[in-house]
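Engineer: If you're matching them up, the sequences are chains A and B in order. The opening position of the first sequence corresponds to residue 1 in UniProt numbering, with each subsequent residue numbered one higher. The opening position of the second sequence corresponds to residue 1 in UniProt numbering, with each subsequent residue numbered one higher. Ideal placement from N, C-alpha and C gives every residue a C-beta, glycine not left out.
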Amino acid sequence: MPRLIAPAIVCSVLANGEHGAVARLLTREAGLLAGYVRGGRSRRLKPVLIPGNLVQAEFRARTEEQLAQLTVELEHSRAPLLAEPLASAAIDWTTSLVAAALPEGQRYPELYDALGGVLDAVEAAPAARGWAQALVSFELLLLERIGFGLDLSRCAATDASGDLAYVSPNSGAAVSRAGAVGYEARLLALPAFLTEGGTGDWEAIFAGLALTGHFLARSPVAERRVDVMETRRRLVDRLKRVHATASL
Amino acid sequence: MASKEIETLTQALARLPGLGPRSARRAVLHLVKKRETVLVPLLAALESVSDSLVTCTNCGNVDTVNPCGICADPRRDDRALCVVEDVADLWALDRSRLFPGRYHVLGGRLSALEGVRPEDLTIDSLVARVAGGGVDEVVLAMNATLEGQTTAHFIAERLEEHPVRVTRLAHGLPVGGELDYLDEGTLAQALRARRPVS
Numbered sequence: 001m002p003r004l005i006a007p008a009i010v011c012s013v014l015a016n017g018e019h020g021a022v023a024r025l026l027t028r029e030a031g032l033l034a035g036y037v038r039g040g041r042s043r044r045l046k047p048v049l050i051p052g053n054l055v056q057a058e059f060r061a062r063t064e065e066q067l068a069q070l071t072v073e074l075e076h077s078r079a080p081l082l083a084e085p086l087a088s089a090a091i092d093w094t095t096s097l098v099a100a101a102l103p104e105g106q107r108y109p110e111l112y113d114a115l116g117g118v119l120d121a122v123e124a125a126p127a128a129r130g131w132a133q134a135l136v137s138f139e140l141l142l143l144e145r146i147g148f149g150l151d152l153s154r155c156a157a158t159d160a161s162g163d164l165a166y167v168s169p170n171s172g173a174a175v176s177r178a179g180a181v182g183y184e185a186r187l188l189a190l191p192a193f194l195t196e197g198g199t200g201d202w203e204a205i206f207a208g209l210a211l212t213g214h215f216l217a218r219s220p221v222a223e224r225r226v227d228v229m230e231t232r233r234r235l236v237d238r239l240k241r242v243h244a245t246a247s248l
Numbered sequence: 001m002a003s004k005e006i007e008t009l010t011q012a013l014a015r016l017p018g019l020g021p022r023s024a025r026r027a028v029l030h031l032v033k034k035r036e037t038v039l040v041p042l043l044a045a046l047e048s049v050s051d052s053l054v055t056c057t058n059c060g061n062v063d064t065v066n067p068c069g070i071c072a073d074p075r076r077d078d079r080a081l082c083v084v085e086d087v088a089d090l091w092a093l094d095r096s097r098l099f100p101g102r103y104h105v106l107g108g109r110l111s112a113l114e115g116v117r118p119e120d121l122t123i124d125s126l127v128a129r130v131a132g133g134g135v136d137e138v139v140l141a142m143n144a145t146l147e148g149q150t151t152a153h154f155i156a157e158r159l160e161e162h163p164v165r166v167t168r169l170a171h172g173l174p175v176g177g178e179l180d181y182l183d184e185g186t187l188a189q190a191l192r193a194r195r196p197v198s
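#1: With L46/B as the anchor, note down where its alpha helix (DSSP H) starts and where it stops.
#2: Helix, strand or coil for V181/A? Go by DSSP, reduced to three states.
#3: Determine the burial state of A152/B: buried for a count of at least 16 other Cβ atoms within 10 Å of its Cβ, exposed for fewer.
#4: Return the Cβ separation of A30/A and R107/A in integer angstroms, given the expectation that the two are a contact with Cβ distance under 8 Å.
#5: Tell me, to the nearest whole angstrom, how far the beta carbon of D77/B is from that of G60/B; I am working on the premise that it is less than 8 Å.
#6: In the DSSP assignment, find the beta strand (DSSP E) that holds F59/A and state where it starts and stops.
#7: Check Y36/A in the structure and name its three-state DSSP category.
#8: Looking only at its chain, what residues have a beta carbon closer than 7 Å to the beta carbon of V164/B, apart from the 5 residues adjacent to it on each side?
#9: By Cβ distance below 7 Å, which residues in the same chain neighbour L14/A in space, the five residues on each side in sequence not counted?
#10: Please list the segments of the alpha helix (DSSP H) lying wholly inside the segment 85-116 of chain A, counting only runs of 4 or more residues, in order along the chain.
#11: Report all residues from its chain with a CB closer than 6 Å to the CB of T195/A; omit the five preceding and five following residues, and keep chain order.
#12: Does K46/A pass the burial test, meaning 16 or more other C-beta atoms within 10 Å, or should it be called exposed?
#13: Counting along the chain, where does the alpha helix (DSSP H) carrying C155/A start and finish?
#14: Measure from the alpha carbon of E97/A to the alpha carbon of each residue in T245/A, V242/A, K240/A and L235/A, then state which is nearest.
#15: At the level of alpha carbons, what is the spacing between E104/A and L140/A?
#16: Run the CB neighbour count on L102/A, radius 10 Å, all protein chains shown included, and call it buried at 16 or more, exposed below.
#17: With a threshold of 16 other CB atoms inside 10 Å of the CB of Q11/B, please say whether the residue is buried or exposed.
#18: Using a Cβ-Cβ cut-off of 8 Å, state whether R3/A counts as contacting chain B.
#19: How about W131/A and A83/A: are their beta carbons less than 8 Å apart?
Here you go:
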């Protein structure tokens, strides 16, 4: 990657030195890339380098191994969403997850599209009902891409492809209602929207979040020194509180 | 060629924010040339601060007395509490002399990627201060970054059960700012927070 100019989503920004910053951006063409932004902590660039923002990025490096010099130009700011507790928690979690989970320099075009889709949905509907389901699908896709995918195509016990209602917490394989008889309490619920599509209610969304949360907690994401799962716990708690308040 | 001691001093100064090796060398030369008028008073001031520097157990400010000058000031309004991320933010706000109340320094902001959790900050002692009574308003003066706002939302949730008014600083057009040079996010915040012209 001697030179790359591409649209990118800002995923993390760490201060480097007095004025600079090392930003990690997700691009469609080259996956997650890190670059040193000269003056990245300046008054001009701070509003640009906010996680969730869409930027036009230019990476320049002499060799593949060298940390690239990065220049950014704002394409679309999602900074106004930071004032909304739920929306900012969703942006914090999704961008932290990508920054912590993905290896650098590997192409994940579907994840770029999915992350952009979730962030767009958060922006379009800060009320959470509109984007929480997309968040579950995004987490499921990310798990699959980092090698922790669930097999939701057929039942692990009966080999049937219909009526899948559970997932084994150990193997990540789907289990049909008939195959789960007597073991329901030990299995994770599989919401229908993950296998059949359509829209799920809040119960299904929380079941989906519990499902992806279980496997994310077993993935290397949770084993890193930096505990991004704490951010997820805050988001899910906030979703539950909002749902509980709305149902009163 | 400078002696080892002078070189050590240069290296120590070069580690300070805003100074590099060249500017540190210039500072050392200045200190050496003006030994009586600059070096000796500076040394005395550094020794005095170093001997008495303490973190205020009440608010987290750094001062030479505990409780700090702000906490001990009887003219301050106990009913208003301003929460800031860092001591630098407290000093910046207090320089303006616009906030008459007390402060609380968190010691950072929540950050998943930097591994900063709620228990790493002084959020529990803030909640205890508010629970202790006498506070009517908590001003969340966090930075307008994702981490700053995440921290502000978290604190607002923790304070929900207490009968206090929780406010935050306004975001938008900076004084002297020109619209043409502002980013889309700042403009959106400014538009959202527009007020009628009286």
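Structural biologist: To lay it out plainly:
#1: V40 to S52
#2: V181/A: coil per DSSP, three-state reduction.
#3: The residue in question, A152/B, is buried, as its Cβ has 16 or more Cβ neighbours within 10 Å.
#4: 6 Å
#5: 19 Å between Cβ atoms; not a contact.
#6: L54 to R60
#7: strand
#8: V130, V135, D136, E137 and V138
#9: The answer, listed in chain order, is A21 and V22.
#10: 85-101
#11: L152 and L164
#12: K46/A is buried by the Cβ-count criterion.
#13: From DSSP, C155/A is part of no alpha helix (DSSP H); its letter is neither H nor E.
#14: Note that residue 97/A is Leu in the sequence shown, not Glu. Nearest of T245/A, V242/A, K240/A and L235/A to L97/A, Cα basis: L235/A.
#15: 20 Å
#16: L102/A comes out buried.
#17: exposed
#18: No, its Cβ sits nowhere closer than 8 Å to a Cβ of chain B.
#19: no
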